[in-house]
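Presented below is the structure to which this report refers.
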Amino acid sequence: MPTANRISDIDQVDAFLARPKTLLEAQPAWIQGSRPSEMQIIWNVEDDVGIVSGHLRFVLPKANMASPSISLIWRNYPICRVDIEDDGECHPNPPDASLLGLEAEICGSHVHSWLLNRNYVLNTPHTWDIPYRCKTPPQVRRLNQAFPWLADQVNIKLRPHQHIVELPPQDDLLDLR
Numbered sequence: 005m006p007t008a009n010r011i012s013d014i015d016q017v018d019a020f021l022a023r024p025k026t027l028l029e030a031q032p033a034w035i036q037g038s039r040p041s042e043m044q045i046i047w048n049v050e051d052d053v054g055i056v057s058g059h060l061r062f063v064l065p066k067a068n069m070a071s072p073s074i075s076l077i078w079r080n081y082p083i084c085r086v087d088i089e090d091d092g093e094c095h096p097n098p099p100d101a102s103l104l105g106l107e108a109e110i111c112g113s114h115v116h117s118w119l120l121n122r123n124y125v126l127n128t129p130h131t132w133d134i135p136y137r138c139k140t141p142p143q144v145r146r147l148n149q150a151f152p153w154l155a156d157q158v159n160i161k162l163r164p165h166q167h168i169v170e171l172p173p174q175d176d177l178l179d180l181r
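Numbering (our numbering), first residue to last: 5 to 181.
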């Protein structure tokens with residue numbers, strides 16, 4: 005049984021996703037990620053009344069620039085993530101994924117959407133995870149395809165100068181320490 009706090013959080017995420025949002029200013033600089041082998045961008049998301057209660061987190065593995073991920077984070081909780089991967093990279097869905105019409109295993113680029121994971125988050129009171137995934141559309145295979153697609157999915161209006169994510173300098177990617 006969900007707690008009152010969890011129900012409130014879910015309602016707030018639903019409201020956050022329903023409201024129009026924008027990204028603050030120009031693309032932030034790439035910085036060292038939480039793992040030494042990654043670079044990341046944290047780009048604040050502002051809602052229609054000017055409140056920043058979320059951000060996009062772009063993660064780029066230094067050794068494989070073709071496999072970035074983009075997460076929408078709300079108050080430090082993940083609510084959506086796109087993972088760009090080769091078609092040979094496969095991940096299992098939870099055992100009950102078929103109840104949502106999902107395949108047992110997803111190969112290649114995929115999205116962990118709020119729609120797929122909302123009930124799981126609601127009914128799992130001691131953790132906040134988004135384990136259910138489905139394939140992205142065929143045209144979403146690179147970072148600069150996934151970014152505007154995800155923005156559209158979560159109601160973020162990109163300004164003209166925000167449609168392309170500039171990659172970090174090569175020197176930053178060569179430092180794998």
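All residues carry an ideal CB built from backbone N, CA and C; glycine is no exception.
Here the structure is a predicted model, which means the values were calculated and not measured.
Residue i burial status per 10 Å Cβ neighbour count (16 or more: buried)
i: residue 28; result: exposed
i: residue 21; result: buried
i: residue 55; result: exposed
i: residue 119; result: exposed
i: residue 25; result: buried
i: residue 113; result: buried
Residue i to residue j span [Cα, whole Å]
i: residue 88; j: residue 34; result: 18 Å
i: residue 146; j: residue 9; result: 37 Å
i: residue 63; j: residue 44; result: 5 Å
i: residue 131; j: residue 125; result: 8 Å
i: residue 133; j: residue 168; result: 28 Å
i: residue 154; j: residue 5; result: 31 Å
i: residue 7; j: residue 82; result: 19 Å
i: residue 186; j: residue 138; result: Examination of residue 186 is not possible in this model, given that the chain is present from 5 through 181 alone.
Which listed residue (the options) has its alpha carbon closest to that of residue i
i: residue 42; options: 53, 144, 32 and 66; result: 66
i: residue 47; options: 61, 171 and 38; result: 61
i: residue 19; options: 152, 122 and 127; result: 122
i: residue 32; options: 14, 59 and 13; result: 59
i: residue 30; options: 171, 172, 165 and 174; result: 165
i: residue 79; options: 163, 159 and 16; result: 16
i: residue 115; options: 38, 95, 128 and 12; result: 95
i: residue 161; options: 140, 107, 150 and 49; result: 49
i: residue 85; options: 117, 98 and 111; result: 117
i: residue 102; options: 111, 136, 127 and 90; result: 136
Residue range of the alpha helix (DSSP H) that includes residue i
i: residue 152; result: 147 to 157
i: residue 10; result: 8 to 22
i: residue 124; result: 118 to 127
Per DSSP, the bridge partner or partners of residue i
i: residue 66; result: Note: residue 66 sits in no beta bridge, so no partner.
i: residue 61; result: 46 and 75
i: residue 115; result: 86 and 138
i: residue 55; result: Partner(s): none; residue 55 has no beta bridge.
Extent of the continuous beta strand (DSSP E) to which residue i belongs
i: residue 83; result: 81 to 87
i: residue 2; result: With the chain represented from 5 up to 181, any question about residue 2 goes unanswered, as that position is not in the structure.
i: residue 26; result: 25 to 27
i: residue 96; result: 94 to 96
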